[in-house]
Amino acid sequence: MSIDWVSFTPWSALAGGALIGLAAAIFALANGRVAGISGLLGSLLQRNAEGRGEKAAFVVGLLLAPLLWGLFRALPAVHFEVGGLGLIVAGLLVGIGTRYGSGCTSGHGVCGLSRLSPRSLVATLCFMASGFATVFVLRHLLGG
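Okay, here's the thing in C-alpha coordinates:
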(Lines of atoms letter the chains of each structure in order from A and count residues from 1; the text may use other names and numbers.)
(Lines give C-alpha, C1' and ligand atoms only; values in the text may rest on other atoms or scores of the structure.)
Protein backbone atom coordinates (compact mmCIF):
# COMPACT_ATOMS: atom_id res chain seq x y z
CA MET A 1 0.00 0.00 0.00
CA SER A 2 1.25 3.48 -0.77
CA ILE A 3 0.03 6.93 0.14
CA ASP A 4 -0.96 9.30 -2.64
CA TRP A 5 1.02 12.27 -1.31
CA VAL A 6 -0.18 14.55 -4.10
CA SER A 7 -3.78 14.15 -2.96
CA PHE A 8 -2.94 14.20 0.75
CA THR A 9 -4.79 17.16 2.27
CA PRO A 10 -4.07 17.45 5.99
CA TRP A 11 -5.40 21.00 6.35
CA SER A 12 -8.82 20.28 4.89
CA ALA A 13 -8.98 17.07 6.95
CA LEU A 14 -8.09 19.04 10.08
CA ALA A 15 -10.73 21.66 9.25
CA GLY A 16 -13.33 18.93 8.63
CA GLY A 17 -12.53 17.26 11.94
CA ALA A 18 -12.74 20.59 13.76
CA LEU A 19 -16.13 21.30 12.17
CA ILE A 20 -17.40 17.86 13.17
CA GLY A 21 -16.25 18.49 16.74
CA LEU A 22 -17.79 21.97 16.76
CA ALA A 23 -21.13 20.68 15.43
CA ALA A 24 -21.17 17.87 18.00
CA ALA A 25 -20.36 20.33 20.82
CA ILE A 26 -23.05 22.80 19.74
CA PHE A 27 -25.58 19.97 19.45
CA ALA A 28 -24.68 18.72 22.94
CA LEU A 29 -24.92 22.21 24.44
CA ALA A 30 -28.22 22.96 22.73
CA ASN A 31 -29.88 19.58 23.34
CA GLY A 32 -28.04 17.98 26.24
CA ARG A 33 -27.50 14.85 24.13
CA VAL A 34 -24.70 13.43 22.03
CA ALA A 35 -24.83 13.76 18.26
CA GLY A 36 -24.97 10.07 17.39
CA ILE A 37 -26.25 9.85 13.84
CA SER A 38 -27.95 6.46 14.26
CA GLY A 39 -29.84 7.77 17.29
CA LEU A 40 -30.79 10.97 15.47
CA LEU A 41 -32.11 9.08 12.47
CA GLY A 42 -33.93 6.60 14.70
CA SER A 43 -35.66 9.33 16.67
CA LEU A 44 -36.68 11.13 13.47
CA LEU A 45 -38.62 8.02 12.52
CA GLN A 46 -40.52 8.00 15.85
CA ARG A 47 -43.81 9.87 15.97
CA ASN A 48 -43.56 11.67 19.30
CA ALA A 49 -39.80 12.20 19.61
CA GLU A 50 -38.62 15.41 21.25
CA GLY A 51 -36.45 17.94 19.43
CA ARG A 52 -37.28 16.70 15.96
CA GLY A 53 -36.62 20.10 14.40
CA GLU A 54 -33.06 20.37 15.70
CA LYS A 55 -32.34 16.76 14.80
CA ALA A 56 -33.74 17.19 11.31
CA ALA A 57 -31.66 20.36 10.84
CA PHE A 58 -28.53 18.47 11.91
CA VAL A 59 -29.20 15.65 9.42
CA VAL A 60 -30.03 18.13 6.63
CA GLY A 61 -26.73 19.87 7.39
CA LEU A 62 -24.92 16.56 6.97
CA LEU A 63 -26.51 16.10 3.58
CA LEU A 64 -25.96 19.69 2.41
CA ALA A 65 -22.33 20.01 3.52
CA PRO A 66 -20.85 18.14 0.54
CA LEU A 67 -23.02 20.10 -1.85
CA LEU A 68 -21.81 23.39 -0.36
CA TRP A 69 -18.21 22.15 -0.52
CA GLY A 70 -18.79 21.37 -4.20
CA LEU A 71 -19.47 25.05 -4.84
CA PHE A 72 -15.87 25.89 -3.90
CA ARG A 73 -13.87 22.77 -4.74
CA ALA A 74 -14.32 19.73 -6.92
CA LEU A 75 -15.80 16.79 -5.05
CA PRO A 76 -13.71 13.63 -5.09
CA ALA A 77 -14.78 10.83 -7.37
CA VAL A 78 -16.65 8.09 -5.55
CA HIS A 79 -15.86 4.51 -6.55
CA PHE A 80 -17.28 1.41 -4.91
CA GLU A 81 -15.52 -1.88 -5.47
CA VAL A 82 -18.60 -3.84 -4.48
CA GLY A 83 -21.96 -4.13 -6.17
CA GLY A 84 -25.36 -3.06 -4.95
CA LEU A 85 -25.92 -6.29 -3.00
CA GLY A 86 -22.66 -5.76 -1.11
CA LEU A 87 -23.69 -2.21 -0.19
CA ILE A 88 -27.08 -3.42 1.04
CA VAL A 89 -25.51 -6.18 3.15
CA ALA A 90 -22.94 -3.73 4.55
CA GLY A 91 -25.66 -1.22 5.42
CA LEU A 92 -27.73 -3.85 7.19
CA LEU A 93 -24.71 -5.07 9.16
CA VAL A 94 -23.86 -1.52 10.22
CA GLY A 95 -27.46 -0.92 11.25
CA ILE A 96 -27.57 -4.11 13.31
CA GLY A 97 -24.20 -3.24 14.86
CA THR A 98 -25.35 0.22 15.91
CA ARG A 99 -28.37 -1.28 17.64
CA TYR A 100 -26.35 -3.92 19.50
CA GLY A 101 -23.58 -1.43 20.30
CA SER A 102 -26.06 1.19 21.53
CA GLY A 103 -24.61 3.76 19.19
CA CYS A 104 -22.57 4.40 16.09
CA THR A 105 -19.11 5.67 15.28
CA SER A 106 -20.18 9.29 15.63
CA GLY A 107 -21.91 8.76 18.97
CA HIS A 108 -19.16 6.64 20.50
CA GLY A 109 -16.10 7.67 18.48
CA VAL A 110 -16.61 11.43 18.35
CA CYS A 111 -18.85 12.29 21.28
CA GLY A 112 -18.18 9.42 23.67
CA LEU A 113 -14.40 9.54 23.43
CA SER A 114 -14.39 13.30 23.91
CA ARG A 115 -16.32 12.72 27.17
CA LEU A 116 -13.75 10.06 28.18
CA SER A 117 -16.43 7.36 28.27
CA PRO A 118 -14.92 3.89 28.89
CA ARG A 119 -17.90 2.26 27.17
CA SER A 120 -17.33 4.41 24.10
CA LEU A 121 -13.63 3.54 24.09
CA VAL A 122 -14.47 -0.19 24.05
CA ALA A 123 -17.13 0.33 21.37
CA THR A 124 -14.76 2.35 19.17
CA LEU A 125 -12.01 -0.25 19.54
CA CYS A 126 -14.54 -2.90 18.50
CA PHE A 127 -15.63 -0.82 15.47
CA MET A 128 -12.04 -0.35 14.37
CA ALA A 129 -11.04 -3.99 14.94
CA SER A 130 -14.09 -5.18 13.02
CA GLY A 131 -13.25 -2.85 10.14
CA PHE A 132 -9.63 -4.01 10.04
CA ALA A 133 -10.68 -7.67 10.15
CA THR A 134 -13.29 -7.18 7.43
CA VAL A 135 -10.83 -5.50 5.06
CA PHE A 136 -8.23 -8.18 5.75
CA VAL A 137 -10.66 -11.02 5.08
CA LEU A 138 -12.15 -9.43 1.96
CA ARG A 139 -8.86 -8.34 0.41
CA HIS A 140 -6.41 -11.01 1.50
CA LEU A 141 -8.36 -14.17 2.23
CA LEU A 142 -11.22 -13.89 -0.27
CA GLY A 143 -9.18 -11.94 -2.83
CA GLY A 144 -11.76 -9.19 -3.36
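Under our numbering, the residues of the sequence shown are numbered 7 to 150, in order. Just so you know, even glycine gets a beta-carbon here, dropped at the ideal spot from N, CA and C.
Query                                                                                                                                                                                  : Result
Please work out which residues of its chain come closer than 6 Å, Cβ to Cβ, to Gly42, disregarding the five sequence neighbours upstream and downstream, and give them in chain order. : Gly109, Cys110, Ser112 and Gly113
Starting from Phe142 and walking both ways along the alpha helix (DSSP H), at which residues does that stretch end?                                                                    : Pro124 to Phe142
I want to know whether the stretch 41 to 59 touches the stretch 112 to 126 - three or more CB-CB distances under 8 Å.                                                                  : yes
Please return the same chain residues whose Cβ sits closer than 8 Å to the Cβ of Val65, not counting the five positions on each side in sequence.                                      : Ile43, Leu46, Leu47 and Leu50
Just curious, the alpha helix (DSSP H) that Arg58 is in, first and last residue?                                                                                                       : Arg58 to Phe78
Assuming contact is defined by CB atoms lying nearer than 8 Å, are Trp75 and Leu81 in contact in what I supplied?                                                                      : yes
Report back the beta-carbon spacing between Gly59 and Asn37 to the nearest angstrom; my notes put them in contact at under 8 Å.                                                        : With 8 Å as the limit, Gly59 and Asn37 do not qualify as a contact, their Cβ atoms being about 11 Å apart.
Thinking C-beta only, is Ala129 closer than 8 Å to Leu107?                                                                                                                             : Per the sequence shown, the amino acid found at residue 107 is Gly instead of Leu. Going by C-beta atoms, Gly107 is nearer than 8 Å to Ala129.
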